[in-house]
Amino acid sequence: MEEYRSHAHSVSSCKYHFVWCPKYRHPVLDVVEDDVRELFGKNADHFGHDILALEIADDHVHLFVQCDPKHSPADIARQFKSYSGKHLLERYPEIRESYFWGGGFWKVGYYVGTTGAVSEEVVERYIEETEHATE
Numbered sequence: 006m007e008e009y010r011s012h013a014h015s016v017s018s019c020k021y022h023f024v025w026c027p028k029y030r031h032p033v034l035d036v037v038e039d040d041v042r043e044l045f046g047k048n049a050d051h052f053g054h055d056i057l058a059l060e061i062a063d064d065h066v067h068l069f070v071q072c073d074p075k076h077s078p079a080d081i082a083r084q085f086k087s088y089s090g091k092h093l094l095e096r097y098p099e100i101r102e103s104y105f106w107g108g109g110f111w112k113v114g115y116y117v118g119t120t121g122a123v124s125e126e127v128v129e130r131y132i133e134e135t136e137h138a139t140e
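According to our numbering, the sequence shown is numbered sequentially starting from 6.
This is the structure:
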């Protein structure tokens with residue numbers, strides 16, 4: 006795992022922890038776990054994300070991903086949820102008919118948290134203690 010990513014005009018370390026659930030929080034992920042792993046992997050490869058950790062429970066997913074700063078957390082959640090949800094409903098019509106008759110596999114909402122190489126306190130101290138020259 007690379008700590009930093011180099012780009013043409015910047016260096017970044019953008020890591021996000023996501024959590025989301027199937028619609029109505031139906032405990033169906035144990036049935037589709039292998040497919041979720043496969044689809045998340047394909048999505049990550051397509052967009053250039055690195056999956057640092059993935060935990061799939063019966064009724065929710067934890068995804069820890071590193072990405073380029075050009076992708077907002079909302080974009081990343083949409084990329085993973087829309088691609089996997091579409092394919093899961095196509096692959097498992099019996100699950101769609103039993104649980105997701107309203108359309109869509111994942112709940113609309115999600116949790117996202119950021120992580121970084123330094124703590125908030127270190128950044129605040131750096132900003133406060135750095136001399137800012139004015140011209």
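Yeah, the Cβ is synthetic: ideal placement off N, Cα and C, and Gly gets one too. Keep in mind the model is a prediction, meaning the values are calculated, not measured.
If you drop the 5 nearest sequence neighbours on each side, which residues of the same chain put their C-beta closer than 6 Å to that of residue i?
i      : result
Asp35  : Asp63
Ala138 : Its pLDDT being 49, under 50, Ala138 is placed unreliably by the model, and nothing is read from it.
Thr120 : Lys20
His14  : none
Just mark residue i as buried or exposed, buried being the case when its beta carbon has 16 or more other beta carbons within 10 Å.
i      : result
Gly107 : exposed
Val127 : exposed
Tyr9   : exposed
Tyr194 : Because the chain in this structure spans residues 6 to 140, residue 194 falls outside the shown range and cannot be described.
Gly114 : exposed
Mind reading off the beta-carbon distance from residue i to residue j? Whole number of angstroms is fine, and I expect it under 8 Å.
i      : j     : result
Arg83  : Leu59 : Going by Cβ atoms, the distance from Arg83 to Leu59 rounds to 17 Å, so no, they are not a contact pair.
Tyr104 : Val33 : 6 Å
Considering only their Cβ atoms, is the gap separating residue j from residue i smaller than 9 Å?
i      : j     : result
Gly109 : Lys28 : yes
Asp81  : Phe45 : The amino acid at residue 81 is misidentified as Asp; the sequence shows Ile. Against a cut-off of 9 Å, the Cβ pair of Phe45 and Ile81 comes out as no contact.
Val70  : His92 : no
Val117 : Pro74 : no
Arg96  : Val16 : no
Might you give, ordered along the chain, the residues of its own chain that have their beta carbon closer than 8 Å to the beta carbon of residue i, omitting 5 neighbours on each side?
i     : result
Arg30 : Asp64, His65 and Lys112
Report the partner residues of residue i according to the DSSP bridge assignment.
i      : result
Val24  : His67 and Tyr116
Glu60  : His67
Val16  : Ser11
Trp111 : Pro27
Asp39  : Answer is none; Asp39 lacks a bridge partner.
Asp55  : Gln71
Which residues in the same chain have their Cβ closer than 7 Å to the Cβ of residue i, if we skip the five residues on either side of it in sequence?
i     : result
Phe85 : Phe45, Asn48 and Leu68
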